[in-house]
Amino acid sequence: MKDKGLVILIHGFLAAPWTMTYYEKKLNEAGFDTVKWGYPSRKKTIQEHAQALVEFLKALPENGPVNFVTHTLGGLVLRAALSHPECPKNAQSGKAVLITPPNQGVLLGRMLSKWTLARKLCGKKSGKELLTANEILKTMKS
């Protein structure tokens with residue numbers, strides 16, 4: 204492990220871990236270890252993704268705080284994971300940079316949700332939660 208600690212990079216909706224490569228490179232150059240964590244954004248709910256992230260975090264060695272850089276939906280997944288009762292303390296004590304998290308859902312998405320194509324693209328799980336400003340978004344801790 205490098206001197207500055209570990210940063211977990213979490214991609215956004217309809218993306219993949221490779222989309223965080225720019226941040227990975229810059230953080231590595233600055234002395235941070237990085238891990239890109241991926242998830243199938245359309246296939247599960249935010250809470251289901253959060254549970255998977257918690258399981259991933261529990262498997263990490265407890266060598267100090269775990270920090271995060273997230274993009275869009277990844278920020279919501281992280282917020283849900285950090286409030287999960289089984290989330291490791293070293294993850295809860297780390298720092299996080301959330302890049303454009305849709306904390307209120309997606310206004311444009313709600314407008315587009317009237318169209319069948321948009322609903323199909325977003326799927327029936329986390330994408331639907333974003334389109335409808337689901338209650339889960341209102342109950343998450345900041």
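Quick note: the sequence shown uses this note's numbering, first residue 204, plus one each step.
We put the beta carbon where it would ideally sit given N, CA and C, even for glycine.
- Per DSSP, the continuous alpha helix (DSSP H) segment holding LYS228 begins and ends at 224-232.
- Here DSSP, grouped into helix, strand and coil, assigns LEU301 to strand.
- Counting every other CB atom within 10 Å of its CB across the protein chains shown gives ASN270 a total of 16 or more, marking it as buried.
- By the Cβ-count criterion, ALA233 is exposed, with fewer than 16 other Cβ atoms from all chains shown falling within 10 Å of its own Cβ.
- Sixteen is the threshold: since fewer than 16 other Cβ atoms of the shown chains lie within 10 Å of the Cβ of GLY267, the residue is exposed.
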